[in-house]
Amino acid sequence: MVLLTTLLLSLFITLVMIPILKNYAVRLHTVDIPNGRSIHTFPKPKIGGIAMALGMIIPVLLWSPRGDFTSALLVGGALIALFGFIDDQRDLNYKTKFIGQICAALIVILHGGVVIRSLGGILPDGTLLPSWLAVPLTVLVIVGVTNAINLSDGLDGLAGGISLLCFSCIGIIAYQAGNYTIATIAVAVVGAIFAFLRFNTYPAVIFMGDAGSMLLGFLAVTLSLGLSQGHSPVSPLFPLILLGFPILDTLRVMVERIASGHSPFVADNNHFHHKLIQQGVPHSKAVVTIYLLQALLVICAFVFRFHSEWFLLSLYLAFCSGVMSWFVFTTKSAGKHHHPNPIELFIRHNWQVIREKSIIIKMAYWAVLICLPATLHFTALLPERIPAPFPTISLCLASFLFLIMLFRPAWLQFSLRVSFYFLILFLVYQCQVGMVPWLAYKYERLYNLNFLFLVGAVIIMLKFTRRQNGFRTTPTDFLILFIALIVPNLPDAHIQSYRMGLFAAKLIALLFSFEVLLGELRGELNGLSLHAVAALMIVFVRGLV
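Add 187 to a position in the sequence shown, counting from 1, and you land on the number used in this note's numbering.
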């Protein structure tokens, strides 16, 4: 319960602080003016980092267990955020920023006890590093990763999304290990990032600035080191796998700069995300591509966290080789002109005809229009029991929605959304608690496959629709889907007892389908509203019998 409260409070504080700080951005001199390296073309406030810092620190102070680690992390994080904020105002040179980062690293090392003493099986017989080597190595790692996350902040939502995946993994592992200090801090950061991404997903309204990107990098590396050093069974190379993509990107760029005779600390447009944009990849797809690579590493970090260091090192080197080879291949291919063969021309011609006649989109539209209400009605028959006071709530919602449909059509979309969300959340949850006995196993499988069919039809609608308005997927949707579908399927007895993976999948399928269909109906909502009223009345009647 404490972790959920921490998540919600950090989310709420960040959401509240962003509009407030945004109004003071010009006065605080924290506005990003576009330059030659910028993807954006208009000035935007750089206050997201300070808002996230405030959103994270308050719940941590309230609920995180006290100790040297927590206090050192908060002081070090505050110092990092301060230097980042000043950099957002005045554009500090890299030497000054290094001073602040080194001081913050020394605080968590000397006061918080975060030191890289062990490299696991890489050293003979698990040899521990002496202090004269361990302390400088830890400083180098903390400063390096802090800057790696900072340098990844080149596209809307990129650094925030990468960090969100990392902190989610850290929080889950810490919770399973009983380390509630790290779990609480990680959950607080996750809540703050989610709130920030509400404003930073392409096209971004605000940026996190160096205050945010440096803080996220500092917290990510410090928490991951706290999980993997000391007496923890987690491999000492866990941070390398978890944060491996920003590390690879930073090292590659610095090597290229040195090889070309430039300073490794001079900014350029050679990062992976820049290369994707230069190849003509749309902004959102470039972000999702990097999310996928980072998600792959996060899964590997979680699954293989107890494996040998040599295995993890080999895994990371294989990942680096694959990513580098892929980028080299795509860069070379981008400059070549492809001459289609007759088969390709035939397929393209017929595909164009199908698209112009809207055959596929019409089939998908009618499939969703029929399947979604039918699924909702059938699901209303499946819960073994309808507990009080939900029959009364259903009757009130049905009456309210019907009256709105008759007398206040302008309010119908909002009312319909409230009713559908209530139905979906309540019915799917009650089905997971207990289903009616007459639904045999083979029919339950058909019922579950229906959700897969529904999602497939919705994806086709999104792919082929010509509508400019309505529902549009964003990179943040990928993050939500990834967390919602992966986390419930983790090997945790409490989670598995409620089949939370299936619960999350059904929930997402229905909510996703409803939002897409809502955008395609062009405001003609009476039919869908009547289906919602009917489903609510089914719940009401079933609660009485």
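We treat Cβ as the ideally placed atom computed from N, Cα and C, and that holds for glycine.
Keep in mind that this is a model prediction, so the values were computed, not measured.
| Item | Value |
| --- | --- |
| Do Leu352 and Ala446 have their CB atoms nearer than 9 Å? | no |
| Find out if the Cβ-Cβ distance for the pair Leu588, Ser716 is shorter than 9 Å. | yes |
| Is there at least one non-hydrogen atom of the ligand SAM closer than 8 Å to the beta-carbon of Ala454? | Ligands displayed in this structure: none; no statement on the ligand SAM is therefore possible. |
| Does the stretch 592-605 come close enough to the stretch 722-732 that 3 or more CB-CB pairs lie under 8 Å? | no |
| Short of 8 Å in beta carbon distance, which residues of its chain neighbour Met622, apart from the five on each side in sequence? Order them along the chain. | Leu569, Pro570, Glu571, Glu631 |
| Using CA coordinates, which residue listed in Met239, Lys693, Ile477, Ile573 is at the minimum distance from Pro662? | Ile477 |
| Taking Gly300 as the reference, which of Thr325, Leu463, Leu279, Pro311 has the closest Cα? | Thr325 |
| Would you mind working out which of Ile548, Ala398, Gly235, Val490 sits nearest Gly643, comparing C-alpha positions? | Ile548 |
| Enumerated in chain order, which unbroken segments of the alpha helix (DSSP H) with a length of 4 residues or greater are wholly contained in the stretch 255-298? | 255-277, 281-297 |
| Find out if the Cβ-Cβ distance for the pair Pro390, Asp340 is shorter than 9 Å. | no |
| Do you know how far the Cα of Leu190 is from the Cα of Ala680? | Because Ala680 sits at a pLDDT of 48, beneath the cut-off of 50, its placement in the model cannot be relied upon, and the following sentence gives the value as read from the coordinates. Going by the C-alpha atoms only, they are around 18 Å apart. |
| Pairing CB atoms from the stretch 272-286 with CB atoms from the stretch 402-421, are three or more of them under 8 Å? | no |
| Nearest-angstrom Cα distance between Ala268 and Ser495? | 35 Å |
| Which residue marks the beginning of the alpha helix (DSSP H) containing Ile349, and which one marks its end? | 345-364 |
| Do you know whose CA, among Gln617, Lys650, Ala691, lies nearest Ile670's CA? | Ala691 |
| Could you tell me the distance, in whole angstroms, from the CA atom of Phe640 to the CA atom of Lys233? | 43 Å |
| Per DSSP, what are the beta-bridge partners of Val421 in this structure? | According to DSSP, which records beta bridges pairwise, Val421 is partnered with nothing at all. |
| Pick out whichever of Lys462, Leu563, Ala554 has its Cα sitting closest to the Cα of Phe516. | Lys462 |
| Please identify the residue among Val728, Leu593, Phe514 whose C-alpha is closest to the C-alpha of Thr579. | Val728 |
| Would you mind giving the Cβ-Cβ distance between Ile357 and Ile369, rounded to the nearest angstrom? I have them listed as a contact below 8 Å. | 7 Å |
| What residues are listed by DSSP as bridge partners for Ser622? | Contrary to the premise, residue 622 reads as Met rather than Ser in this sequence. Paired residue(s): Pro570. |
| Please confirm if the stretch 432-443 is in contact with the stretch 301-320, defined as three or more CB-CB distances below 8 Å between the two stretches. | no |
| Spatial neighbours of Cys487 within its chain, please: CB distance less than 7 Å, with the 5 preceding and 5 following residues excluded, ordered by chain position. | Ile428, Leu502 |
| How should Ser400 be labelled, buried or exposed, when 16 other C-beta atoms within 10 angstroms of its C-beta is the threshold for buried? | buried |
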